[in-house]
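Visitor: The numbering used here runs 5 ahead of the 1-based position in the sequence shown. Using N, Cα and C, we set each Cβ at its ideal position, and we do this for glycine too. Small disclaimer: the values here were computed from a predicted structure and weren't measured. Sharing a structure with you now.
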Amino acid sequence: MTIFHIPADEVELTAIRSQGPGGQNVNKVASAIQLRFDIRASSLPLELKERLLTLHDHRITQGGVVVIKSQEHRSQDMNRMAALLRLHDLLALASVVQKKRKATRPTRSSQVKRVERKVKRGQTKALRGKANWD
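What follows is the structure, encoded as structure tokens:
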């Protein structure tokens, strides 16, 4: 796993108000964090940018901006750390290169066993029909 250093000026952190219940505190304090990270304008390697842009993740907009909202903690600092961790996890997910699958064929014995199972299953089902008393 590769560790990426993202300069602080490439990540835009904005404090916003949290949703949901929270009493009077929720109306006064902007404790949720919205993180915005422009993939195309970042200093990440080109192939990682391409992998990020091809990910089908709801947090990546069509313009290539990662938007992460963190509001699970009561403090702004904890939400900031949670948002940065989610960005790091997304980058780690995109950095993993899948191994190419080697095309293989089923063995002759596995093909024979499969056909025998199908024949046996068909015979079992045929016996379930109405009895012929002729």
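From which residue to which residue does the alpha helix (DSSP H) around Pro82 run?
Guide: Going by the sequence as given, residue 82 is Asp instead of Pro. Segment 81–100, the alpha helix (DSSP H) holding Asp82.
Visitor: Can you give the Cα-Cα distance for Arg64 and Ala108, rounded to whole angstroms?
Guide: Taking the straight line joining both Cα atoms gives about 34 Å.
Visitor: Please identify the residue among Glu17, Leu132, Thr112, Ile21 whose C-alpha is closest to the C-alpha of Val71.
Guide: Considering only alpha carbons, the answer is Glu17.
Visitor: Who are the Cβ neighbours of Arg22 in its own chain at under 6 Å, not counting the five residues just before and after it?
Guide: Taken in chain order, the residues that qualify are Ala35.
Visitor: Relative to the C-alpha of Ala97, which residue among Leu60, Ala37, Ser75 is closest?
Guide: Out of Leu60, Ala37, Ser75, Leu60 has the C-alpha closest to the C-alpha of Ala97.
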